[in-house]
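When we follow the numbering used here, the leftmost residue of the sequence shown carries the number 30, and every step to the right adds one.
Just so it is clear, CB atoms sit at the ideal spot from N, CA and C, and this is done for glycine as well.
Each remark here refers to the structure printed beneath this line.
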Amino acid sequence: MMMATFQPSRKEVAEVFGYPAHSTLPAAALARSQHLCPFRGDEGSPRKCSKLSQHRLFDQFGQTDMPFGACSVWYRGRGEKQFRPAIICPIRFTQNQRVFRKARQILKDWTAQSRFLVLQEVGLPLGRLDYILANFKPDTNRVLDFCVLETMALSTTTTGHIIRSMFEVLGMAPSLPVYKYGLNLRQVVSRMIVQMVAKAYAAEQWEKRTVWVMQDILYDYLVRTTRLNLADVAPDDVAESRYPLLFFVYELVMQDWEQMFTLRLQAIKGGDRRQVEAVLQPNKVPSLAEVQSTLEQHIEDGQYIELQ
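Structure below.
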């Protein structure tokens with residue numbers, strides 16, 4: 030696994046409005062002053078960040094119109110020696126549109142007139158689809174083929190400390206001694222599995238494929254805590270692979286503390302809906318004896334309420 034070459038001395042926001050928190054590039058200063066997101070809009074013509082927050086700190090610091098411009102935060106998991114930037118905004122995955130271009134290989138029935146279209150936030154009765162990638166033939170106004178693409182950013186705890194860290198970068202607040210935010214990986218998985226099973230079932234009925242884009246931090250957690258066991262798919266074999274459901278696993282790499290971090294495809298995993306449902310099964314179920322011992326210890330420690 031490629032680790033970041035720069036290591037912060039503590040937890041703090043890693044990227045603000047698309048650039049490393051410590052970047053002094055003119056482009057970084059422009060993005061911060063105008064609240065631009067370099068991952069939205071055409072290349073070279075970024076649009077404003079659209080990630081709004083109702084957190085009270087924006088009111089307290091007189092920034093009610095400012096979007097929540099933190100793209101990633103530094104994270105070090107249990108037992109890990111180095112920090113990694115953890116993506117907390119799903120738009121971060123669209124850097125240079127590389128996830129879309131990679132998933133394009135899945136689509137079939139291309140013609141000389143075909144156009145490759147990306148449709149965002151498509152609402153259907155089963156829920157909202159993040160993206161639909163379509164092979165569209167304009168002369169007949171027909172979608173010849175399509176696939177579903179979903180992105181999974183990470184949820185955080187004590188998000189106010191991330192906002193304070195962002196305000197520190199922007200020169201709006203003094204530094205705190207410690208930023209006590211964390212990643213709520215369990216919540217991400219809980220939210221993800223409901224969507225994943227429903228959308229995979231629908232795509233199965235349509236005989237179309239689904240791509241889930243996530244960071245290595247989340248995929249490693251899934252493998253470590255559940256019975257998810259997907260097959261390896263070589264990047265050049267995506268189109269020919271038989272799997273209806275694909276995981277594109279990316280790492281976020283920092284080359285230096287000035288330039289943008291880079292998304293790098295780490296692995297592609299394949300499976301079907303039944304294999305994905307293994308996420309519902311914990312990797313280890315404690316024995317009855319372990320449960321009883323835990324309950325008895327709680328009682329011995331007085332951690333209970335007795336009712337009459």
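Endpoints, the beta strand (DSSP E) within which residue i is located
i, result
"GLU319", "Looking at the DSSP string, GLU319 is not in any beta strand (DSSP E); the run it does join, the alpha helix (DSSP H), is 317-329."
"VAL198", "Segment 188-198 is the alpha helix (DSSP H) holding VAL198; no beta strand (DSSP E) there."
"ALA163", "156-166"
"GLN149", "144-153"
"GLU179", "171-181"
Per-residue burial, residue i [other beta carbons within 10 Å of its own, 16 or more giving buried]
i, result
"PHE196", "buried"
"ASN312", "exposed"
"MET30", "Its pLDDT being 43, under 50, MET30 is placed unreliably in this model, and the value from its coordinates should be taken loosely. Exposed, because fewer than 16 other Cβ atoms sit within 10 Å of the Cβ of MET30."
"SER101", "buried"
"PHE46", "buried"
"PRO273", "buried"
"TYR250", "buried"
"GLY98", "buried"
Alpha-carbon spacing of residue i relative to residue j, whole angstroms
i, j, result
"GLU44", "HIS327", "43 Å"
"GLY152", "ASP301", "23 Å"
"GLU335", "GLU329", "13 Å"
"PHE35", "LYS110", "13 Å"
"ARG69", "TYR160", "14 Å"
"LYS131", "PHE276", "12 Å"
"PRO49", "GLN321", "49 Å"
"PHE122", "MET283", "15 Å"
"ALA260", "VAL128", "20 Å"
"CYS66", "GLN126", "14 Å"
"ASN136", "LEU205", "Going by the sequence as given, residue 136 is Leu instead of Asn. About 49 Å."
"VAL305", "PRO203", "45 Å"
"ARG39", "ARG105", "10 Å"
"GLY211", "TYR279", "20 Å"
"PHE87", "THR187", "15 Å"
"GLU269", "GLY299", "12 Å"
"GLU41", "LEU173", "46 Å"
"ASP266", "ASN258", "19 Å"
"ALA227", "LEU155", "7 Å"
"ALA182", "GLN295", "16 Å"
"THR185", "ARG107", "16 Å"
Segment limits, alpha helix (DSSP H) that includes residue i
i, result
"GLU41", "Here GLU41 belongs to no alpha helix (DSSP H), and DSSP marks it neither H nor E."
"ARG85", "85-89"
"VAL128", "127-132"
"ALA57", "55-63"
"ARG7", "In the structure as shown, the chain starts at 30 and stops at 337, and residue 7 therefore has no counterpart that could be examined."
Quick check on the DSSP output: what are the complete alpha helix (DSSP H) runs of length 4 or more inside the stretch 231-284, in order along the chain? 245-254
Report yes or no: do the stretch 45-56 and the stretch 273-290 share at least 3 C-beta pairs separated by less than 8 Å? yes
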